[in-house]
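Reviewing the structure listed below.
Residue numbers (our numbering): 27 to 386.
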């Protein structure tokens, strides 16, 4: 198959393109800046000569990219946690969905894979994420954007279009050139702080290579509309601390801060966010996801598509050294002190991470 990938210069899009090529398909990229292909997905050994320069907001360039393709994987999206950018994010992602998904339906592509997020389905008190949950969306702009696009994608499905939707959790794994994904920033923050706060909070970790494998498994025409959770493993605070401490060889401490305190802190810091001189990892929405993270039922993808999900230790072991080697994180590995590693935990906003990232 000839497959268009949007967001191909990003973390998820890059690994998806690699998996598509490894499966024997050819890949076309829609990018704004062709030079970014060389610093990202080309580093994975993917052929990047088939390129259409354009933008998901530009209907004509999207249509040109779709022409001649059999299928599309739509992973490009604007991700912004600054409330001042919410309106721009909502309009950009909705317009992009209409241009990519809508025109793919018009042109008869099959399948049409849309990379969504668990945040489109999340609501407080939810115990288990499943792909057929009603659309919810968080109170933040990111969650609202995911929900808005989700409603549109499901409407296409209801009309019979072969739209396949995936719902990733926090996507981690080896980098795509200089791209680590938004969740990688959360790992970096946790390692720099050497602490992970919370009591019942957790990360929901999925390996980017497993997500990419799922996207490839969906590249089968004639199967109609489908939806799959790909949240990954729910890792509670203490376990996460031990895992991060072990793979980074650095002390990590799990601090049992009440989850309600973290949510209040996120709300307060949201008010002062525009005036802070540093990137704020504690947002109200991020803390809500983090402290109320559900399990993810990924069994349909395992049973129907044969996807096997890696142990999160392997995922983190492939993420952390790359962050360190790339200068993306600075921490002090355990030295002569010989102190044992203690539990740790992650930074809030990484929980908001989706596979869909802007890339190009």
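The beta-carbon is built from N, C-alpha and C at its ideal position, and this holds for glycine as well.
{"Check": "C-alpha distance - residue 146 paired with residue 173, whole-angstrom precision", "Outcome": "5 Å"}
{"Check": "First and last residue of the uninterrupted alpha helix (DSSP H) at residue 219", "Outcome": "208-219"}
{"Check": "As assigned by DSSP and simplified to three states, the class of residue 46", "Outcome": "helix"}
{"Check": "Per-residue burial, residue 211 [other beta carbons within 10 Å of its own, 16 or more giving buried]", "Outcome": "buried"}
{"Check": "Presumed contact (8 Å Cβ cut-off) between residue 96 and residue 27, rounded CB distance", "Outcome": "4 Å"}
{"Check": "DSSP bridge partner residues for residue 120 (one or two, in chain order)", "Outcome": "Answer is none; residue 120 lacks a bridge partner."}
{"Check": "Exposure of residue 256, with buried meaning 16 or more beta-carbon neighbours within 10 Å", "Outcome": "buried"}
{"Check": "Delimiting residues of the beta strand (DSSP E) encompassing residue 52", "Outcome": "52-57"}
{"Check": "Anticipated Cβ contact below 8 Å, residue 29 with residue 60, distance rounded", "Outcome": "Not really, about 18 Å apart at Cβ, beyond 8 Å."}
{"Check": "Residue 45 at chain C interface by Cβ criterion, 9 Å", "Outcome": "Judged by its chain identifiers, the structure shown contains no chain C, having just a single protein chain."}
{"Check": "Close Cβ partners of residue 359 (< 6 Å) along its chain, the five nearest in sequence each way excluded", "Outcome": "Interpretation of residue 359 is limited by its pLDDT of 47, a score under 50 that renders its predicted location unreliable; no figure is taken from the coordinates."}
{"Check": "Same chain, Cβ closer than 6 Å to residue 136, five either side skipped, listed in chain order", "Outcome": "188 and 247"}
{"Check": "Where the alpha helix (DSSP H) through residue 198 begins and ends", "Outcome": "First-last for residue 198: 196-198, but that is the beta strand (DSSP E), not the alpha helix (DSSP H)."}
{"Check": "Residues bridged to residue 232 (per DSSP)", "Outcome": "197"}
{"Check": "N-terminal and C-terminal residue of the alpha helix (DSSP H) that residue 133 is part of", "Outcome": "129-133"}
{"Check": "Touching by the beta-carbon criterion (3+ pairs, under 8 Å), the stretch 156-171 and the stretch 105-112", "Outcome": "yes"}
{"Check": "Residue 183 and residue 253 closer than 9 Å at C-beta", "Outcome": "yes"}
{"Check": "Buried or exposed by the 16-neighbour rule on C-beta atoms within 10 Å, applied to residue 67", "Outcome": "buried"}
{"Check": "Helix, strand or coil at residue 252 [DSSP, three-state]", "Outcome": "strand"}
{"Check": "Same chain, Cβ closer than 8 Å to residue 31, neighbours up to 5 away in sequence not counted", "Outcome": "39, 42, 43, 46, 53, 54, 55, 56, 98, 99 and 101"}
{"Check": "Proximal residues to residue 83 (C-beta, below 8 Å), its chain only, five neighbours per side dropped", "Outcome": "118, 121, 122 and 125"}
{"Check": "Own chain partners of residue 335 with C-beta closer than 8 Å, once the 5 adjacent residues on each side are dropped", "Outcome": "232, 233, 236, 258, 259, 324 and 328"}
{"Check": "C-alpha gap between residue 278 and residue 314, whole angstroms", "Outcome": "23 Å"}
{"Check": "Residue burial classification, residue 34 (beta-carbon count within 10 angstroms, cutoff 16)", "Outcome": "buried"}
{"Check": "Extent of the continuous alpha helix (DSSP H) run through residue 177", "Outcome": "167-184"}
{"Check": "Chain-order list of residues whose beta-carbon lies under 6 Å from that of residue 293 (same chain, five-residue window excluded)", "Outcome": "310"}
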